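**Student:**
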Amino acid sequence: MLNLAVILRESAAARPDAPAVLHDGGVVTYAELDARSDALAAGLAARGVRPGTAIALQLPNIPEFLVAYYGILKAGGVVVPMNVLLRAPEIAYQLTDSGARALITWAGTAAEAGKAAAEAGVGEVYVVGAGTFDDLLAPVAEPLPLCERAPGDTAAVVYTSGTTGVPKGAELTHFQLYMNADIPGRLFEIRPDDVVIAALPFFHVYGMSSTMNLAVRFGAALSLVPRFTPDRVLATIERDRATVFDGVPTMFGALLASARTTDYDTSSLRVCVSGGDAIPAHVLDEFERQFRVPILEGYGMTETASTITFNRSPEDRRMYSVGKPVWGVEVEVWDDDDRRLPPGRGHIGELVTRGYHTMRRYHGHPAATADAFRGGWFHTGDLGYADADGFFYIVDRKKELIIRGGYNVYPREVEEVLYRHPDLIEAAVIGVPDERLGQEVKAIVVPAPGRTPAAGDIVEYCRERLAAYKYPRLVELRDELPLTASGKVAKKELV
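Counted the way the numbering used here counts, the sequence shown spans residues -1 to 493.
What follows is the structure, encoded as structure tokens:
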């Protein structure tokens, strides 16, 4: 028997008066969080929630997310975390596809959520901030026993971003999510007295698994940031004396730019973790110099709950790599014929992986599941290579590869050059149709404040630093790049 909610129960037993959540409204202790999630579990059970019942959860990073998440698990339910930015048709699709019986949402999304629930035939909608969520909290005289679940039972169905088609729900198990909280936490030595900035959305697998569950597993405090802005994060680090920051590359770039014009005290930070995408070398170097704190880069995805590889410590890392496979995980690089490639920068292929960390399946999509696991390994869709010491490097997404005149162009390589341009703060490279070459390389960039670089000068800058077939002939300047809810550049919108 293993119910993932045991991580909260054990931390509450060990340190009941320790802060579990720090937020604008105050502090929630581990004992209080445990008790409130017990009350929600009792309320769900009284309404007929049984083992395996799917409950959709659409909340920002507020204390009620943790109450609901662990309460659903305690009742034996399956959590279906949903992006707060989804519109009614998207919400309705995920409600229907997951078979969710109820939806817990908040006042900011209630209108869209209500329309979606009606379309999907979901009659139970509970709204944080409108009183109905509190109706779920049933009085509990003493801690409830956790609903018995097998380690391989589904704990959460987390939907992919849908960048390559219809979003699919990855079924993540209790054991898998427990291990992803336990193993990475041990690698960078998370401590009970740590204060972890929670700016990554909990409805995304990185924030849910590698920030929230990890902190709760080790009894650390979560400092909640409902919506990322660089000044808000820096102010929260100063206020709560935060020691750990998890983020995606765009967040580190934004924090770096803000820190140049502000004076927040961030000296409490002891380690940062970057994932979700490969961080540009220039951003990593400048951030470590400015903040005087190491960034440990890792790699994972929704279907692996989330960690696959990780740079284990400042003393055991390879700069600009995504590290080595974590304990119990295998990773290889395969060519297009599913043959293993040897180490070396000249042997770029698709990363495949297997181990306890891979999902059970895509919910309701057997053909997609079979294709993803062909050959007994999960195919990530990411291109990369390994070095002779077993460190892995991500080159790009397989579907984002640009083929210009028969030559392979990896967008990230071009982006690395653009990020070093003194007048630019953000960059994204895509392929656009070209009658003669098949595809042409296009750069979409955001100038630094007060800078107005000419497109021709940016092209020339790249031409001097890249092979003739790689540098962008087309450059578009924008005020900002579109981002996904997790903070990654939404290239699908650019294309």
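Here a beta-carbon is modelled for each residue, glycine too, at the ideal position from N, C-alpha and C. None of the values given here were measured: they were computed from a predicted structure.
#1: Kindly indicate which three-state DSSP category M299 falls into: helix, strand or coil?
#2: Which same chain residues end up closer than 6 Å to Y67 when comparing Cβ atoms and leaving out the 5 residues on each side of it in sequence?
#3: Do S221 and L170 have their C-beta atoms within less than 9 Å of each other?
#4: Would the stretch 290 to 306 and the stretch 188 to 195 be scored as touching if the rule is three or more Cβ pairs under 8 Å?
#5: Quick one: what's I70 bridged to in DSSP?
#6: Using C-beta distances below 7 Å, list every residue in its chain close to V4, excluding the 5 sequence neighbours before and after it, in chain order.
#7: What is the residue span of the alpha helix (DSSP H) that K113 lies within?
#8: So, at 7 Å on beta carbons, what are the nonlocal neighbours of T241 in its own chain, with the 5 sequence-adjacent residues on each side left out?
#9: Would you report the Cα separation of E330 and A276, rounded to the nearest angstrom?
#10: Give me the Cα-Cα distance between D334 and T351, rounded to the nearest whole angstrom.
#11: Excluding the five sequence neighbours on either side, which residues of its own chain have a C-beta within less than 7 Å of the C-beta of Y405, listed in chain order?
#12: Give me, in chain order, the residues of the same chain whose beta-carbon lies closer than 6 Å to that of T130; leave out the 5 immediate sequence neighbours on both sides.
#13: If you scan the stretch 24 to 96 from start to end, which runs of the beta strand (DSSP E) of 3 or more residues do you find wholly inside it?
#14: To the nearest angstrom, how far is the alpha carbon of P451 from that of V443?
#15: In this structure, does DSSP put E414 in helix, strand or coil?
#16: Taking 8 Å as the cut-off, is the beta-carbon of D335 closer than that to any non-hydrogen atom of the ligand FMN?
#17: Below 8 Å on the Cβ atoms is my guess for L2 versus L71; work out the distance and round it to an integer in Å.
#18: Between Q174 and the rest of its own chain, which residues show a CB-CB distance below 7 Å, the 5 nearest in sequence each way excluded?
#19: Going by DSSP in three states, A488 sits in which element: helix, strand or coil?
#20: Is E140 buried or exposed, if buried means 16 or more other CB atoms sit within 10 Å of its CB?
#21: Buried or exposed, going by whether 16 or more other CB atoms sit within 10 Å of the CB of T549?
**Tutor:** So, to answer that:
#1: Looking at M299 - three-state DSSP - the assignment turns out to be strand.
#2: V77
#3: Their beta carbons are not under 9 Å apart, which means S221 does not touch L170 by this criterion.
#4: In short, these stretches do not touch, since the Cβ pair count stays below three.
#5: None; I70 has no bridge partner.
#6: Excluding residues within five positions, the ones whose Cβ falls inside 7 Å are L144.
#7: A108 to A118
#8: D192, V193, S266, L267 and R268
#9: Rounded to whole angstroms, E330 to A276 spans 18 Å at the Cα level.
#10: 15 Å
#11: Y467
#12: Y124
#13: 24 to 27, 52 to 55 and 76 to 79
#14: 10 Å
#15: helix
#16: Questions concerning the ligand FMN fall outside what the structure shown contains, since it holds no ligand whatsoever.
#17: The Cβ separation is near 5 Å, so the contact holds.
#18: A303, Y354 and H355
#19: coil
#20: exposed
#21: Missing from the structure shown is residue 549; the chain here goes from -1 to 493 and no further.
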